[in-house]
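Here the structure is laid out as structure tokens; the discussion comes afterwards.
Number of protein chains: 2
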Amino acid sequence: METSIKHILKEQRSYKVAGSLWLEFEGERFFGPGRSELLQLIDELGSLSQAAKRMGMSYKKAWEMVTALNTQAAQPLVLLQTGGKKGGGATITTEAKQLIAYHQQLRARFQAFLSHETDSLGVK
Amino acid sequence: METSIKHILKEQRSYKVAGSLWLEFEGERFFGPGRSELLQLIDELGSLSQAAKRMGMSYKKAWEMVTALNTQAAQPLVLLQTGGKKGGGATITTEAKQLIAYHQQLRARFQAFLSHETDSLGVK
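What follows is the structure, given as structure tokens:
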């Protein structure tokens with residue numbers, strides 16, 4: 013039996029069921045909105061330092077995220093070219109693009125879950 | 013079309029879809045695991061200060077949580093009796109018990125969502 017809490021909520025006020033979602037590998041954070049954004053920016057800008065800058069993140073932090081991603085996945089997700097004046101470029105692999113696509117679909121399913129639960133509250 | 017990422021994940025290693033969930037009122041945190049635990053401890057111990065202590069939380073913080081809960085809901089959730097040597101007792105209302113029950117059911121549905129998504133990863 014589902015318990016209704018409609019009578020506990022103020023009428024004509026905004027309530028919603030909210031949440032966050034991420035993928036874990038061996039109990040550690042593996043993939044979520046932040047890493048997805050980083051991969052997409054690397055793909056767009058072709059550079060880890062530029063992607064980090066765009067996210068307001070230190071190069072060190074971005075490099076650590078990329079290293080973690082490549083370690084936690086069975087396939088490399090980011091390829092770093094060393095050397096050159098700008099320290100080399102960065103590209104993402106086909107597997108990274110598949111992971112981004114999966115993550116977007118997962119988030120859409122989660123949003124549907126949250127919307128359904130919010131609607132079930134019976135207030136708007 | 014659902015994108016599979018099974019080939020991106022290491023075999024025989026632990027991956028899972030994890031998340032957190034809460035209720036919002038007007039864009040602010042309204043109810044989640046912490047407040048649910050506080051209400052249950054108040055119900056068990058009959059005292060806000062004892063409940064706060066059990067949670068390793070200051071009395072001030074617990075009092076603010078209770079005040080927020082009572083303000084955000086249409087019905088009082090916690091009743092505080094002032095006065096007396098120990099500063100009075102605290103009880104929770106029927107509505108608070110309904111909110112706890114609803115929250116447990118909501119979390120069960122969320123756990124089912126997460127388990128289903130984790131199973132869909134195709135690794136174990």
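For the record, the sequence lines run as chains A and B.
The opening position of the first sequence corresponds to residue 13 in our numbering, with each subsequent residue numbered one higher.
The opening position of the second sequence corresponds to residue 13 in our numbering, with each subsequent residue numbered one higher.
Heads up, the beta-carbon is just placed ideally off N, CA and C, and yes, glycines get one too.
- One Cα belongs to residue 106 of chain A, the other to residue 88 of chain A, and the distance between them is close to 9 angstroms.
- Taking a cut-off of 8 angstroms on C-beta distances, the region 17-27 of chain A touches the region 108-115 of chain B, as three or more cross pairs fall below it.
- Under the three-pair Cβ rule at 8 angstroms, the region 22-36 of chain B counts as touching the region 23-39 of chain A.
- Across the set B/116, B/124, B/134, B/125, the C-alpha of B/116 shows the shortest separation from the C-alpha of residue 46 of chain B.
- Fewer than three pairs of CB atoms, one per stretch, sit closer than 8 angstroms, so the region 126-134 of chain A makes no contact with the region 76-88 of chain A.
- Residues of the region 15-31 of chain A whose Cβ lies closer than 8 angstroms to any Cβ of chain B, in chain order: 15, 16, 17, 19, 20, 21, 22, 23, 25, 26, 27, 28, 29, 30, 31.
- No Cβ of chain A is located within less than 8 angstroms of the beta carbon of residue 51 of chain B.
- Closest in C-alpha terms to residue 50 of chain A, from the list A/59, A/63, A/43, comes A/63.
- Among the residues of the region 100-123 of chain B, those with a Cβ less than 8 angstroms away from any Cβ of chain A are 107, 110, 111, 113, 114, 117, 118, 121, 122, in the order of the chain.
- Contact note: residue 33 of chain B reaches chain A through 29, 30, 31, 32, 126, 129, using a C-beta cutoff of 9 angstroms and chain order.
- Note on geometry: alpha-carbon atoms of residue 52 of chain A and residue 133 of chain A lie some 36 angstroms from one another.
- Taking a 10 Å sphere around the C-beta of residue 59 of chain B, we find 16 or more other C-beta atoms and assign the residue as buried.
- Here residue 84 of chain B is buried. Its C-beta has 16 or more other C-beta atoms within 10 Å.
- Contact check for residue 54 of chain A and residue 86 of chain A: beta-carbon distance about 19 angstroms, past the 8 angstroms limit, so the pair fails to qualify.
- Between residue 125 of chain B and residue 125 of chain A, the C-beta gap is smaller than 8 angstroms, which places the two residues in contact.
- The continuous beta strand (DSSP E) containing residue 32 of chain A extends over residues 27-37.
- Residue 90 of chain A is bridged by DSSP to A/104.
- Listed along the chain, the chain A residues whose CB falls inside 8 angstroms of the CB of residue 85 of chain B are 20, 21, 22.
- For residue 38 of chain B, the closest Cβ of chain A is nearer than 8 angstroms.
- Going by DSSP, residue 76 of chain B is part of the alpha helix (DSSP H) stretching over 71-84.
- Per the DSSP secondary-structure output, residue 40 of chain A pairs in a beta bridge with A/37.
- Residue environment for residue 120 of chain B: exposed (fewer than 16 other C-beta atoms within 10 angstroms of its C-beta).
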